[in-house]
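Read the structure below first, then the notes.
There are 2 protein chains.
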Amino acid sequence: MEERISVVLASGRKSSVYIASNTSELSARLSSYGANVLWVMDEHTSQLLRPLPPIHVILEAGEPSKNWRNVEIILRTAVQEGLARDAAFVGIGGGVLCDMTAFAASLFMRGCSLVLVPTTLLCMTDAALGGKTAIDYMGGKNLVGTFYPARDILIFPELLKSLPEGEYVNGLAEMLKHALLTEDESLYRTFLTKKKNILDRDPVLLRTLIGLSLDVKAAYISRDPEEKNGIRQALNLGHTFGHALESLGGFRSWSHGAAVAWGIGRALEAGTMLGLTEPRFAAGAQKLLAMYGYDMDYRIGRGEWMQFRQNILRDKKKEDGHVHFILLEKQGIPIRRMVDEQMIQALVISPPLKK
Amino acid sequence: MEERISVVLASGRKSSVYIASNTSELSARLSSYGANVLWVMDEHTSQLLRPLPPIHVILEAGEPSKNWRNVEIILRTAVQEGLARDAAFVGIGGGVLCDMTAFAASLFMRGCSLVLVPTTLLCMTDAALGGKTAIDYMGGKNLVGTFYPARDILIFPELLKSLPEGEYVNGLAEMLKHALLTEDESLYRTFLTKKKNILDRDPVLLRTLIGLSLDVKAAYISRDPEEKNGIRQALNLGHTFGHALESLGGFRSWSHGAAVAWGIGRALEAGTMLGLTEPRFAAGAQKLLAMYGYDMDYRIGRGEWMQFRQNILRDKKKEDGHVHFILLEKQGIPIRRMVDEQMIQALVISPPLKK
Numbered sequence: 001m002e003e004r005i006s007v008v009l010a011s012g013r014k015s016s017v018y019i020a021s022n023t024s025e026l027s028a029r030l031s032s033y034g035a036n037v038l039w040v041m042d043e044h045t046s047q048l049l050r051p052l053p054p055i056h057v058i059l060e061a062g063e064p065s066k067n068w069r070n071v072e073i074i075l076r077t078a079v080q081e082g083l084a085r086d087a088a089f090v091g092i093g094g095g096v097l098c099d100m101t102a103f104a105a106s107l108f109m110r111g112c113s114l115v116l117v118p119t120t121l122l123c124m125t126d127a128a129l130g131g132k133t134a135i136d137y138m139g140g141k142n143l144v145g146t147f148y149p150a151r152d153i154l155i156f157p158e159l160l161k162s163l164p165e166g167e168y169v170n171g172l173a174e175m176l177k178h179a180l181l182t183e184d185e186s187l188y189r190t191f192l193t194k195k196k197n198i199l200d201r202d203p204v205l206l207r208t209l210i211g212l213s214l215d216v217k218a219a220y221i222s223r224d225p226e227e228k229n230g231i232r233q234a235l236n237l238g239h240t241f242g243h244a245l246e247s248l249g250g251f252r253s254w255s256h257g258a259a260v261a262w263g264i265g266r267a268l269e270a271g272t273m274l275g276l277t278e279p280r281f282a283a284g285a286q287k288l289l290a291m292y293g294y295d296m297d298y299r300i301g302r303g304e305w306m307q308f309r310q311n312i313l314r315d316k317k318k319e320d321g322h323v324h325f326i327l328l329e330k331q332g333i334p335i336r337r338m339v340d341e342q343m344i345q346a347l348v349i350s351p352p353l354k355k
Numbered sequence: 001m002e003e004r005i006s007v008v009l010a011s012g013r014k015s016s017v018y019i020a021s022n023t024s025e026l027s028a029r030l031s032s033y034g035a036n037v038l039w040v041m042d043e044h045t046s047q048l049l050r051p052l053p054p055i056h057v058i059l060e061a062g063e064p065s066k067n068w069r070n071v072e073i074i075l076r077t078a079v080q081e082g083l084a085r086d087a088a089f090v091g092i093g094g095g096v097l098c099d100m101t102a103f104a105a106s107l108f109m110r111g112c113s114l115v116l117v118p119t120t121l122l123c124m125t126d127a128a129l130g131g132k133t134a135i136d137y138m139g140g141k142n143l144v145g146t147f148y149p150a151r152d153i154l155i156f157p158e159l160l161k162s163l164p165e166g167e168y169v170n171g172l173a174e175m176l177k178h179a180l181l182t183e184d185e186s187l188y189r190t191f192l193t194k195k196k197n198i199l200d201r202d203p204v205l206l207r208t209l210i211g212l213s214l215d216v217k218a219a220y221i222s223r224d225p226e227e228k229n230g231i232r233q234a235l236n237l238g239h240t241f242g243h244a245l246e247s248l249g250g251f252r253s254w255s256h257g258a259a260v261a262w263g264i265g266r267a268l269e270a271g272t273m274l275g276l277t278e279p280r281f282a283a284g285a286q287k288l289l290a291m292y293g294y295d296m297d298y299r300i301g302r303g304e305w306m307q308f309r310q311n312i313l314r315d316k317k318k319e320d321g322h323v324h325f326i327l328l329e330k331q332g333i334p335i336r337r338m339v340d341e342q343m344i345q346a347l348v349i350s351p352p353l354k355k
């Protein structure tokens, strides 16, 4: 299996991305990690490995399980099984499971080896690469975590065949975000012209798209592995608005992808209002997102504003008490700007009737 | 206040060590961190700050409090006070408090700024510099943690005046270890010739000794910030034996320093038995350690061996199931070796009567 992407991240750790084209390629790679391995799966992904490996943990799936209690289950098992610093943790699952496994790996004996096998499109195309690990804390998403890149990321697009439709569309949003964040036209154009093949999950096309999407991410994170100089923050496009919306719905009403797509729409509109974003580009991008079924016209109710505002203010991207947003000048040219509270309100609240 | 040492550590983070010679120097520096600060203290060190700063946490002192529950108290306070990624955590206390504050700082929003004000000799001369953060877990010391160097380390030797005698001697052990780990004679010679002044805590002499001791540590850690290439492991001299002894006594019977001094003695003897250590150097070093009151002749009981052995096997420094020890060829020349189980037994168990 060939290395598709190699990128040097936090603490000089190298992450290698491999895209497997068949089961035996994937199995061969997994076997190569030897016996000194703790396997972390959820109820669903544990079905993929039969028989179950000797040292394993099976966690509950879903965002509510992304907490310290589950990280502790991983750590406790590692200690009980007598694993040492030279062990590897292999996480097989979606973003929640990969984030938790990576967080635990970063903490166990101050860091052991980490391999991620993402099983959702969102995780393949975004979460698994980049070294951000986290748990949710006190109602805040990813408030506690570390930067700890996986040594290997093994992607097997075949797994997407059985992914529920909602989960699949969820992942497309981050790919679309990457399409907007690169000046290279290929990803954007493919989304524009191959909607049917993409929604049909054409495996050959998906290999290409996942690779292109990760290329965009790799370009940003390699220049700013620990989000220190502002470059990596461009990847937060749509996320400050999106997180606030997810949080408003208690992380149940909105999928991450749908919320981010909506947030990108808000950022495009903010940029247009501020005269920073090319109006033609903004309109095209909004249309592209709508084409994949995202609700770009959604607005929150007036009564929800105070909570939404509080969610925004709690954002990690805050500096000196001000929240910064990623906007786009045009395709591939992000800029970071403070957006004034009144404008945020105008962007997210339903206009009064008859206006 | 002048920067005494500057060293680039994990993730390219720079740690600066400042040694204050009076209270106003220290206060001026502390005020410079502004309002966006969470102060972490224990019951004792909180007496040093009057009035207490607005955002603070006061934790219980002592090794048993080095657990996740207390790290959570720090994190929760930071979230409740609305701090963001640009906040600083300032930890004022001994090794336990500094390790926990640093661990929490490394996790909050994936890492905020960290300042340490060590108040014990052990922490001034060793723990505060180097970026190792941790909590104890399932009976194992420092099993869970991160590498996260403090931005600033503020040392005020004046604080040592009120340190209990046992705590003071505890810290001398790590300085003696540093004296053995450098070819530069100055630290070793000062210990040999100025015992009275050292035990009297002569402040001018202490400034020099703490600086020299940190120079030795800085030289090792700067070449291997995350303990990856074996260089930094030299600083574990005496620690594998020492930790196993501390753990045997439930971390109550032995202070860390006394256990480490004993462990250095065991390592010197191991090296001599293996023909690796210069016998004259080993004898001199044992004598120097004994001179400062450490019990170099202590041996564990036969009935304690199985537990001691298990403690050794649980050591973080294990690789492929084998525990490696740091031995010394001569002053300043450490080597890493596997020591066979029978030899470990011979080194730590009381000889049978009349042998």
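As you go down the protein sequences, you meet chains A and B in turn.
Just so you know, we're using the UniProt record's numbering here: the first sequence kicks off at 1 and counts up by one.
Just so you know, we're using the UniProt record's numbering here: the second sequence kicks off at 1 and counts up by one.
Even glycine gets a Cβ: it sits at the ideal position worked out from N, Cα and C.
Remember, predicted model here, so these are calculated numbers, not experimental data.
Requested in this report: Give the C-beta separation of Ala285/A and Leu180/A to the nearest angstrom, bearing in mind that I take them to be a contact with Cβ-Cβ under 8 Å.
Outcome: At roughly 6 Å, the Cβ-Cβ gap stays under 8 Å, so Ala285/A and Leu180/A are in contact.
**Report entry** Beta-carbon contacts of Leu163/A that lie in its chain and below 7 Å, excluding the five residues immediately before and after
**Finding:** Contacts found: Thr120, Leu121.
Query raised in the report: Closer than 8 Å, CB to CB, is Ala150/A near chain B or not?
Result: So no, Ala150/A is outside the interface.
Query - Cβ of Arg76/A within 8 Å of any chain B Cβ - result: The Cβ of Arg76/A sits closer than 8 Å to at least one Cβ of chain B.
Query - Contact the stretch 321-340 of chain A vs the stretch 228-246 of chain A: 3+ CB pairs below 8 Å - result: Taking a cut-off of 8 Å on C-beta distances, the stretch 321-340 of chain A touches the stretch 228-246 of chain A, as three or more cross pairs fall below it.
**Report entry** Option nearest His256/A by Cα separation, candidates Ile231/A, Ser350/A, Val96/A
**Finding:** Nearest to His256/A by alpha-carbon distance, out of Ile231/A, Ser350/A, Val96/A, is Val96/A.
Query raised in the report: Within 10 angstroms of its Cβ, does Val204/A collect 16 or more other Cβ (buried), or is it exposed?
Result: By the neighbour-count rule (16 or more Cβ atoms within 10 Å), Val204/A is not buried but exposed.
Query raised in the report: Taking Cβ positions only, does Lys141/A come closer than 8 Å to chain B?
Result: So no, Lys141/A is outside the interface.
Query raised in the report: Taking Cβ-Cβ distances below 8 Å as the criterion, which residues of the stretch 106-130 of chain A are in contact with chain B?
Result: Going along the stretch 106-130 of chain A in chain order, one finds Ser106, Leu107, Phe108, Met109, Arg110, Gly111 with a Cβ nearer than 8 Å to chain B.
**Report entry** Cβ-Cβ separation, Ala102/A to Leu38/A (assumed contact under 8 Å), whole Å
**Finding:** Contact flag wrong, Cβ pair sits at about 13 Å.
Query raised in the report: Which same chain residues, not among the five before or five after Asp99/B, have their C-beta less than 6 Å away from its C-beta?
Result: Result list for Asp99/B: Thr133, Ala134, in chain order.
Requested in this report: Let me know if Arg266/B comes out buried or exposed under the rule of 16 or more other beta-carbons within 10 Å of its beta-carbon.
Outcome: Buried.
Requested in this report: Determine whether the Cβ of Phe147/A lies closer than 8 Å to any Cβ atom of chain B.
Outcome: Using beta-carbon distances, Phe147/A counts as an interface residue toward chain B, with a partner under 8 Å.
Report task. Could you confirm whether any beta carbon from chain B is found closer than 8 Å to the beta carbon of Val144/A? Result -> Output row for Val144/A: interface = yes.
Query - Length-filtered (3 minimum) beta strand (DSSP E) runs lying within the stretch 287-340 of chain B - result: Counting only runs of 3+ residues, the beta strand (DSSP E) found wholly inside the stretch 287-340 of chain B occupies 322-330, 333-338, in chain order.
Query raised in the report: Where does Tyr148/B sit, in a helix, a strand or coil, going by DSSP?
Result: Residue state, collapsed to three classes: coil.
**Report entry** Below-8 Å beta-carbon distance, Glu226/A vs any chain B residue
**Finding:** So yes, Glu226/A belongs to the interface.
Query raised in the report: Cα-Cα, which of Val348/A, Met291/A, Leu288/A, Met338/A is closest to Arg309/A?
Result: Distances from the alpha-carbon of Arg309/A to those of Val348/A, Met291/A, Leu288/A, Met338/A put Val348/A closest.
Query raised in the report: Should the stretch 176-192 of chain A be regarded as contacting the stretch 139-151 of chain A, the criterion being three or more beta carbon pairs within less than 8 Å?
Result: Under the 8 Å Cβ criterion, the stretch 176-192 of chain A does not count as touching the stretch 139-151 of chain A, having fewer than three qualifying pairs.
Report task. Using the DSSP secondary-structure output, state which residues sit across from Gly93/B in a beta bridge. Result -> Its beta-bridge partners are Pro118/B.
Query raised in the report: Helix or strand or just coil, what does DSSP make of Glu278/B?
Result: Three-state DSSP puts Glu278/B in coil, outside helix and strand.
Query raised in the report: Assuming Gln331/B and Phe281/B make a contact with CB atoms under 8 Å, what is their CB distance in whole Å?
Result: Confirmed, Cβ separation roughly 6 Å.
Requested in this report: Compare the beta carbon distance of Asp126/A and Asn67/A with 8 Å and say whether it is the shorter of the two.
Outcome: Contact flag unset, no.
Report task. Determine the chain B residues that contact Tyr298/A at a beta-carbon separation under 7 Å, and present them in chain order. Result -> For Tyr298/A, no chain B residue has a Cβ inside 7 Å of its Cβ, as the nearest lies near 28 Å away.
Query raised in the report: Are the C-beta atoms of Lys96/A and some chain B residue less than 8 Å apart?
Result: Note that residue 96/A is Val in the sequence shown, not Lys. False, the Cβ-Cβ gap to chain B never drops below 8 Å.
Query raised in the report: Which residues mark the beginning and the end of the beta strand (DSSP E) in which Thr133/B is found?
Result: 132-137 is the span of the beta strand (DSSP E), which, as asked, contains Thr133/B.
**Report entry** Own chain, CB closer than 6 Å to Arg232/A, minus 5 neighbours either side, in chain order
**Finding:** Scanning its chain for C-beta atoms nearer than 6 Å, with the 5 sequence neighbours on each side dropped, one finds around Arg232/A the residues Tyr220, Ile221, Asp224, in chain order.
Query - Beta carbon of Ala261/A nearer than 8 Å to that of Tyr298/A - result: In this structure, Tyr298/A does not lie closer than 8 Å to Ala261/A by Cβ.
Query - Within-8 Å CB hit, residue 359/A to chain B - result: This structure cannot settle anything about residue 359/A, because the visible part of chain A is limited to 1 through 355.
Query raised in the report: Short check: CB of Gly92/B to CB of Met41/B, under 8 Å?
Result: The sequence as given places Ile at residue 92/B; Gly does not occur at that position. Between Ile92/B and Met41/B, the gap from beta carbon to beta carbon is short of 8 Å.
Query raised in the report: In chain B, which residues lie with their C-beta within 9 Å of the C-beta of Tyr188/A?
Result: For Tyr188/A, no chain B residue has a Cβ inside 9 Å of its Cβ, as the nearest lies near 30 Å away.
Requested in this report: Could you spell out the range, first to last residue, of the beta strand (DSSP E) harbouring Met81/A?
Outcome: According to the sequence as given, residue 81/A is Glu; it is not Met. In the DSSP annotation of this structure, Glu81/A is not part of any beta strand (DSSP E), being labelled neither H nor E.
Query raised in the report: Can you give the Cα-Cα distance for residue 386/A and Tyr168/A, rounded to whole angstroms?
Result: Any answer about residue 386/A is impossible in this case: the structure gives chain A only from 1 up to 355.
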